[in-house]
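Under my numbering, the first residue of the sequence shown carries the number 25, and numbering increases by one thereafter.
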Amino acid sequence: MCGIVAYVGSRQCAPMLVDGLRKLEYRGYDSAGLALHTGGRVEIIRAVGKLSNLDAALKKAPLSGTTGIGHTRWATHGRPSEVNAHPHVAGGIAVVHNGIIENHVELRASLEAAGVRFVSDTDTEIVAHLVERAQRAGDVSLEEAVRAALKQVRGAYAIAVISDHAPDEIVVAKNESPIVLGLADGETWAASDIPAILEHTRDVVFLLEGEMAVLSRGGARISTLDGTPVIRASKRIDWSPTQAEKGGYKHFMLKEIFEQPRAVEDTLRGRIDLEAGDIVGEEMGVTPELARSIRRVYFVACGTSSHAAMAGRYFIEQLARLPSTVEIGSEVRYREPVFGPEDLVVAVSQSGETLDTLAAVKAAKARGAHVLAVANVLDSAIPRVADGALYTHAGPEIGVASTKCFTTQLVALLMLAVYIGRRRETLPVHEARRITRALWHAPHLMRESLESSDAIRAIAKKHLRARDFLFLGRGTGFPIALEGALKLKEISYIHAEGYAAGEMKHGPIALIDENMPVVVLCPQDAHYEKTLSNMQEVKAREGQIIAVYTRGDDHAARFADDAIAIPAAEPEILPLLSVLPLQLLAYHMADLKGTDVDQPRNLAKTVTVE
Ligand code: AGP
């Protein structure tokens, strides 16, 4: 989400910055802008919408200069608009930023108290003011002013800053959001990702967490945020431009599968208080009063989002002790649903545009229910119609098959259940602490889960000729089984069914023979022993078991023909871990079959038709 390109050299940089931003379009954006040193002062130009609008604005009011920064914005704080587009300016300082400033509320309040007038709703404008004030107060270099400003900032950022006072200099800094530097003869680049600069240089240096760099025509001087110099050799990149856009991965879907730990971190950021065992911040979309007064929760969603909603139902029932149900958008909109003023309707949709979900939301609103949207795209149709919004911060998802949006939905819904449970006092504080700590630790365990990718590819090879698959799970493992089956169908075109493991003997067991791979989710949770019995039933009929089991549990592994280990974890975060091998299995099956993984046949990313 968001793209940054920066250049200092001797060529006119406005067109090159726009071209660089174009190479970052895959990251998604809703507005764009540039700031250039135009000789004596910094000038900016911004436009809402596509880069062609920025091009048109530049035609009307050209900017000339050889030092500049550019940005494409994917809105998080404040709606997409010209005034919220980057760069943000304070005095002679211009800043572009990718990420989220966690303590923006406090910083904004203290700057306002000191007389600063903000023009945008963004967290980024705060950084521009902090740098400007640091420079003015200490009469220091741009580098020192940025360093002083960043000491006050908490959160994730990649920033690039230029100043009236430093015509041939750009300062960049990184904490958790990517920045790569590009070195060429007499010119230096910085960008959010390699494709933006690949046309100009293949010699790059990656900034690491907590580092900054001063860019000049002669190269980049790197240091840590506390001022210790860093010497790092450049790397030569030999990727093709298309490979570079996918970060070196073969497909966007694979890149997005591996981005999930980061996407979960971004969704949790600023929302968890580990000490209090609570969910905090203004962005839950539900007030404490509403959390206490509702009598029932309806989830409405389609496809993958409906599987996240099913897990959400388990969380709400268990932690908030509210009756809850999951409705498929396309069905509920044509029923006579009994929505009412005591209901919270949670509409889950990564795109925020799915027509069937939107129609269900409108029906719920018409009957007086309070609607909360859980969406990934800011200001999309469903959040706009809803009474409140809880955004996932997965960043743009390009692969049609949803992966990182699904796991961030699971996280958002678990946070929602903890939030409501605490306010209704159905969730004791020690339990809430256990769950919030588990959530905090989840990205680390997800990284561990993803390590099985190569082993999963070998399993996929073995089953490549299978015509049907069965996926079984219990508890929150049931929606994960449904999701595993959907992923396989969508991208490999292999028929697959997901079932609650306990339902197997009520029908699907008739399908099992030596040709039927059965994926069983059997982590060591409350359902473990019952699931082991189901595995025995499959084995007795010569089904081929692929078990997703807890690392070290030899007992479960013994029942399986193929076994994929996930780390031991608290039950509430198991779905986050067990879905990863299923996404990878679907991906490798599809890739080995040679299907169009990112754009599977007949499917669209955003379904705005019935
Ligand atoms: C996900 O892999 C699918 N492509 C599809 O099921 C999707 O989840 C569904 O269309 C709902 O989309 P939404 O989350 O944007 O509402």
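Note that the Cβ used here is the ideal one computed from N, Cα and C, for glycine as well.
For residue 394, the enclosing beta strand (DSSP E) covers residues 394-399. By the Cβ-count criterion, residue 161 is exposed, with fewer than 16 other Cβ atoms from all chains shown falling within 10 Å of its own Cβ. Residue 143 counts as exposed, since fewer than 16 other C-beta atoms from the protein chains shown sit within 10 angstroms of its C-beta. Not one heavy atom of the ligand AGP falls within 7 Å of the beta-carbon of residue 233. For the pair residue 409 and residue 382, the CB atoms are nearer than the 8 Å cut-off. Under DSSP, residue 495 shares a beta bridge with 522, 543.
Separation of residue 291 and residue 78 (C-alpha to C-alpha, rounded to the nearest whole angstrom) is 30 Å.
In the structure shown, the three-state DSSP call for residue 253 is strand. Contact between the region 291-302 and the region 445-456 is present: three or more C-beta pairs spanning the two stretches fall below 8 Å. Cβ neighbours of residue 338 within its own chain (closer than 7 Å, five residues either side excluded): 499, 500.
The region 370-448 contains, as complete alpha helix (DSSP H) runs of 4+ residues, the segments 379-390, 405-409, 428-448 (chain order).
For residue 570, there is no enclosing alpha helix (DSSP H); the enclosing beta strand (DSSP E) covers residues 568-574. Contact annotation: residue 540 and residue 567 have beta-carbon atoms nearer than 8 Å.
Cβ contact annotation for residue 425 (same chain, cutoff 7 Å, sequence separation greater than five): 277, 511, 514, 515, 624, in chain order.
For residue 615, the three-state secondary structure derived from DSSP is helix.
What you get when you keep residues with a C-beta closer than 5 Å to any heavy atom of the ligand AGP is 326, 327, 328, 329, 373, 374, 375, 378, 425, 426, 631. A direct Cα-to-Cα measurement between residue 620 and residue 242 gives close to 44 Å. Sorting 96, 220, 317 by C-alpha distance to the C-alpha of residue 269 places 220 at the top. Taking C-beta atoms as the reference points, residue 56 and residue 92 fail to come closer than 8 Å.
Following the DSSP letters along the chain, one finds residue 338 inside the alpha helix (DSSP H) bounded by residues 327-339. Linking residue 373 to residue 630 through their CA atoms gives a straight-line distance of about 10 Å.
DSSP places residue 213 in the strand class (E or B) of the three-state scheme. Residues 594 of the same chain have their beta carbon placed closer than 7 Å to that of residue 458, with the five preceding and five following residues left out of the count.
Of the candidates 293, 280, 450, 450 places its Cα closest to the Cα of residue 341.
Pairing residue 398 with residue 601, the inter-Cα distance amounts to about 21 Å.
Residue 259 counts as exposed, since fewer than 16 other beta carbons sit within 10 angstroms of its beta carbon.
Annotated three-state conformation of residue 110 is coil, per DSSP. If you draw a straight line from the Cα of residue 103 to the Cα of residue 180, it comes to about 20 Å. Just measuring C-alpha positions, the residue of 151, 393, 84 sitting nearest residue 114 is 151.
Ranking 470, 34, 44 by CA distance to the CA of residue 607 puts 470 first. For residue 62, the three-state secondary structure derived from DSSP is coil. Per DSSP, reduced to three states, the secondary structure at residue 92 is strand. Under DSSP, residue 121 forms a beta bridge with 183. Exposed is the label assigned to residue 628, since fewer than 16 other Cβ atoms lie within 10 Å of its Cβ. DSSP lists no beta-bridge partner residue for residue 364. Apart from sequence neighbours up to five positions away, the residues of its chain that approach residue 616 with a beta-carbon distance below 7 Å are 484, 485, 488, ordered along the chain.
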